[in-house]
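**Q** The sequence shown begins at 417 in the working numbering and counts up one residue at a time. Quick reminder that beta carbons are idealized off the backbone N, C-alpha and C, glycines included.
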Amino acid sequence: MTGWLTEAVPRGRVAAFRTLVYLFVAADLVVFTPWVRTRVDVPGDLYQPLLIGRLLPLPTPTSALVGVIFWVLLAVSLLAATGRAPRLLGWTVFALYFEWMIVAMSYGKVDHDRFGLLVALAVLPTAGRARHGDPTRTQAGGWALRVTQIAVICTYFLAAWAKFRFGGLDWATGSVLARAIIRRGTDLADVIAQVPHLLIVAQFGILAFELLSPVVFLLPERWRVATVGFFYSFHLATIATITISFAPHLVAMTSFLPLEKVRPVLRLRRLLTRRRDPAGGEITPVAGPEPAPDPA
Numbered sequence: 417m418t419g420w421l422t423e424a425v426p427r428g429r430v431a432a433f434r435t436l437v438y439l440f441v442a443a444d445l446v447v448f449t450p451w452v453r454t455r456v457d458v459p460g461d462l463y464q465p466l467l468i469g470r471l472l473p474l475p476t477p478t479s480a481l482v483g484v485i486f487w488v489l490l491a492v493s494l495l496a497a498t499g500r501a502p503r504l505l506g507w508t509v510f511a512l513y514f515e516w517m518i519v520a521m522s523y524g525k526v527d528h529d530r531f532g533l534l535v536a537l538a539v540l541p542t543a544g545r546a547r548h549g550d551p552t553r554t555q556a557g558g559w560a561l562r563v564t565q566i567a568v569i570c571t572y573f574l575a576a577w578a579k580f581r582f583g584g585l586d587w588a589t590g591s592v593l594a595r596a597i598i599r600r601g602t603d604l605a606d607v608i609a610q611v612p613h614l615l616i617v618a619q620f621g622i623l624a625f626e627l628l629s630p631v632v633f634l635l636p637e638r639w640r641v642a643t644v645g646f647f648y649s650f651h652l653a654t655i656a657t658i659t660i661s662f663a664p665h666l667v668a669m670t671s672f673l674p675l676e677k678v679r680p681v682l683r684l685r686r687l688l689t690r691r692r693d694p695a696g697g698e699i700t701p702v703a704g705p706e707p708a709p710d711p712a
């Protein structure tokens with residue numbers, strides 16, 4: 417079990433995942449959750465902090481507090497995306513984003529799509545230094561990715577458990593998707609809703625998908641990646657029909673993927689350093705030395 421939890425992965429994968437996660441945090445502040453800053457405009461007695469917010473305890477958010485968190489978190493997350501000072505900047509991003517989420521979710525609605533991302537932010541500082549493209553393997557980085565993967569799958573499995581806990585079998589046989597389509601459905605969803613019994617079949621399919629999601633850990637790597645691709649297609653269909661985005665969850669789910677093979681900065685660098693020979697021949701890349709990997 418210990419070997420599975422700490423299965424070594426290329427440092428380049430850790431570096432790519434780290435950059436993606438921290439860039440998403442910055443994007444989340446300005447694209448997905450800028451509304452958090454408006455929470456302080458409502459009366460303070462409407463703030464009902466989550467359990468963790470009561471245990472710490474954390475102060476009732478004010479305009480000044482939320483404003484400071486926003487700007488500091490935005491700057492620090494962009495710095496952390498460079499891979500510098502991974503522990504110091506990583507822990508800072510986690511602490512600030514954790515508070516940002518407590519403020520966001522303490523006014524009556526709690527989104528479960530951010531669990532995997534929060535776990536990723538909590539474990540990434542433990543992965544140590546990692547350079548993009550570095551093929552050397554790290555157990556610390558493997559543990560950080562594995563824990564994130566477990567959180568992603570728990571999001572699915574526990575969602576099914578919650579459906580049975582609060583709705584029972586009626587969740588699958590009821591009108592859950594029909595209500596969602598009425599509230600926020602697209603034209604595509606309207607077409608699908610006209611097919612007799614299809615929504616009921618889809619609800620049973622969602623439950624089966626969520627309950628069987630842990631099987632992904634038992635599959636060979638090639639089939640595991642294909643299964644994760646199916647997970648992404650499920651969320652694509654969700655966005656296309658009932659416009660529900662699981663963007664933080666989708667970012668955390670990239671922990672399953674061989675991200676070290678995707679190096680946009682290197683490709684851009686090669687594109688910019690290409691030149692034509694004086695005779696107007698083919699474009700040839702200018703070779704350069706490979707950067708030395710950072711020490712563990």
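Here's the rule: buried if 16 or more other CB atoms are within 10 angstroms of the residue's CB, otherwise exposed. What is Val563?
**A** Counting from one through the sequence shown, the residue named residue 563 turns up at place 147. It counts as buried.
**Q** What number of angstroms, rounded off, separates the C-alpha of Leu494 from the C-alpha of Gly583?
**A** Position 78 of the sequence shown, counting from 1, holds the residue named residue 494. Position 167 of the sequence shown, counting from 1, holds the residue named residue 583. Roughly 42 Å between the two C-alpha positions.
**Q** Grab me the residues of Ala576's own chain with a C-beta within less than 7 Å of its C-beta, minus the 5 sequence neighbours each way, in chain order.
**A** Residue mapping note: residue 576 aligns to position 160 of the sequence shown, counting from 1. Cβ neighbours of Ala576 beyond the five flanking positions: Leu623, Glu626 and Leu627.
**Q** Any idea if Leu593 is buried or exposed, counting beta-carbon neighbours within 10 angstroms, 16 or more meaning buried?
**A** Walking along the sequence shown from the start, residue 593 turns up at place 177. Flag for Leu593 reads buried.
**Q** Apart from the five residues just before and just after Thr643, which ones in its own chain have a Cβ nearer than 7 Å to its Cβ?
**A** Within the sequence shown, residue 643 is the residue found at index 227, counting from 1. Val632 and Leu635.
**Q** How far does the alpha helix (DSSP H) with Gly506 in it extend, from its first residue to its last?
**A** Stepping through the sequence shown from its first residue, residue 506 is reached at position 90. First-last of the alpha helix (DSSP H) with Gly506: Pro502 to Ala520.
**Q** For Leu615, which residues in the same chain have their Cβ closer than 7 Å to its Cβ, ignoring the five residues on either side in sequence?
**A** Position 199 of the sequence shown, counted from the first residue, corresponds to residue 615. Cβ within range, chain order: Leu593, Ala594 and Ala609.
**Q** Distance check for Leu688 and Val667, CA to CA, integer angstroms please.
**A** The residue you call residue 667 lines up with position 251 of the sequence shown. The residue you call residue 688 lines up with position 272 of the sequence shown. Rounded to the nearest angstrom, the two C-alpha atoms are 29 Å apart.
**Q** Decide yes or no for the touch test of the stretch 494 to 507 against the stretch 529 to 546: beta carbon pairs closer than 8 Å, at least 3 of them.
**A** Result yes; three or more Cβ-Cβ pairs closer than 8 Å.
**Q** What residue range does the alpha helix (DSSP H) around Thr657 cover?
**A** In the sequence shown, counting from the first residue as 1, residue 657 sits at position 241. That run of the alpha helix (DSSP H) goes Glu637 to Ile658.
**Q** Is it buried or exposed for Gly460, if we count other Cβ within 10 angstroms and need 16 for buried?
**A** Numbered from its first residue, the sequence shown carries residue 460 at position 44. Per the 10 Å Cβ criterion, exposed.
**Q** Which residue comes first and which comes last in the alpha helix (DSSP H) that contains Ser479?
**A** Numbered from 1 along the sequence shown, position 63 holds the residue referred to as residue 479. Per DSSP, Ser479 belongs to the alpha helix (DSSP H) from Ser479 to Ala496.
**Q** Using DSSP's beta-bridge definition, name the partner residues of Pro426.
**A** Taking the first residue of the sequence shown as position 1, residue 426 is located at position 10. For Pro426, which the question treats as bridged, DSSP gives the partners Arg553.
**Q** With C-beta atoms as the reference, is Pro678 less than 8 Å away from Gly557?
**A** Working through the sequence shown from its first residue, we reach residue 678 at position 262. Working through the sequence shown from its first residue, we reach residue 557 at position 141. The amino acid occupying residue 678 in the given sequence is Val; Pro does not appear at that position. Cβ distance not < 8 Å, so Val678 and Gly557 don't count as in contact.
**Q** Is Ala536 closer than 8 Å to Val452 when the C-beta atoms are compared?
**A** Your numbering for residue 452 matches position 36 in the sequence shown. Your numbering for residue 536 matches position 120 in the sequence shown. Cβ distance not < 8 Å, so Val452 and Ala536 don't count as in contact.
**Q** If you reduce the DSSP assignment to three classes, tell me which class Asp461 lands in.
**A** Working through the sequence shown from its first residue, we reach residue 461 at position 45. In the structure shown, Asp461 sits in a helix (DSSP, three-state: H, G or I).
**Q** Hey, could you find the ends of the alpha helix (DSSP H) Thr589 is sitting in?
**A** Taking the first residue of the sequence shown as 1, we reach residue 589 at position 173. Its alpha helix (DSSP H) spans residues Asp586 to Thr589.
**Q** At the level of alpha carbons, what is the spacing between Arg434 and Ile566?
**A** On the sequence shown, position 18 is the one that residue 434 refers to. On the sequence shown, position 150 is the one that residue 566 refers to. Cα to Cα, Arg434 sits roughly 17 Å from Ile566.
**Q** Please go through the same chain and pick out, in chain order, the residues whose beta-carbon is closer than 7 Å to the beta-carbon of Trp516, but skip the five residues on each side of it.
**A** Position 100 of the sequence shown, counting from 1, holds the residue named residue 516. Excluding positions up to five away in sequence, the list reads Val452, Ile485 and Leu489.
**Q** Closer than 7 Å by C-beta to Ala432: which residues in its own chain qualify, once you throw out the five before and the five after it? Chain order, please.
**A** On the sequence shown, position 16 is the one that residue 432 refers to. Around Ala432: His548, Leu675, Glu676 and Val678.
**Q** Can you list, in chain order, the residues of its chain whose CB lies under 8 Å from that of Thr478, leaving out five sequence neighbours each side?
**A** In the sequence shown, the residue the question calls residue 478 occupies position 62. Cβ within range, chain order: Val456.
**Q** For Arg600, I'd like the list of residues in its chain whose CB is within less than 7 Å of its CB, leaving aside the five on either flank, ordered along the chain.
**A** Taking the first residue of the sequence shown as 1, we reach residue 600 at position 184. Only Ile658 and Thr659 meet the Cβ criterion.
**Q** Give me the Cα-Cα distance between Tyr463 and Pro680, rounded to the nearest whole angstrom.
**A** Stepping through the sequence shown from its first residue, residue 463 is reached at position 47. Stepping through the sequence shown from its first residue, residue 680 is reached at position 264. When rounded, the distance between both Cα atoms is 43 Å.
**Q** My understanding is that Thr670 touches Leu436, with C-beta atoms under 8 Å, so please give their C-beta distance in whole angstroms.
**A** The residue given as residue 670 occupies position 254 in the sequence shown. The residue given as residue 436 occupies position 20 in the sequence shown. Contact holds; Cβ gap of about 6 Å.
**Q** Using C-beta distances below 7 Å, list every residue in its chain close to Ala596, excluding the 5 sequence neighbours before and after it, in chain order.
**A** The count along the sequence shown starts at 1 and reaches residue 596 at position 180. Once the five neighbours on either side are set aside, the close Cβ partners of Ala596 are Ile658.
**Q** Thinking C-beta only, is Leu604 closer than 8 Å to Ala663?
**A** Here residue 663 refers to the residue found at position 247 of the sequence shown. Here residue 604 refers to the residue found at position 188 of the sequence shown. No, Cβ-Cβ distance for Ala663 and Leu604 is not below 8 Å.
**Q** Among Glu423, Pro551, Gln555 and Arg545, which one has its Cα closest to the Cα of Arg500?
**A** Residue numbering aside, residue 500 sits at position 84 when the sequence shown is read from its first letter. The shortest C-alpha separation from Arg500 is found at Arg545.
**Q** How would you write the range of the alpha helix (DSSP H) that Ala596 sits in, first residue to last?
**A** Locating residue 596 in the sequence shown gives position 180, counting from the first residue. Counting along the chain, the alpha helix (DSSP H) containing Ala596 begins and ends at Val592 to Arg600.
**Q** Exposed or buried, what is Trp559 when buried is set at 16 or more other beta-carbons lying within 10 Å of its beta-carbon?
**A** Walking along the sequence shown from the start, residue 559 turns up at place 143. Classification of Trp559: buried, given that the 10 Å Cβ count is 16 or more.
**Q** Does DSSP classify Ala576 as helix, strand or coil?
**A** Numbered from its first residue, the sequence shown carries residue 576 at position 160. Here Ala576 sits in helix by DSSP.
**Q** Among His613, Tyr438, Phe672 and Phe646, which has the Cα closest to the Cα of Glu637?
**A** The sequence position of residue 637 within the sequence shown is 221, counting from 1. Nearest C-alpha to Glu637: Phe672.
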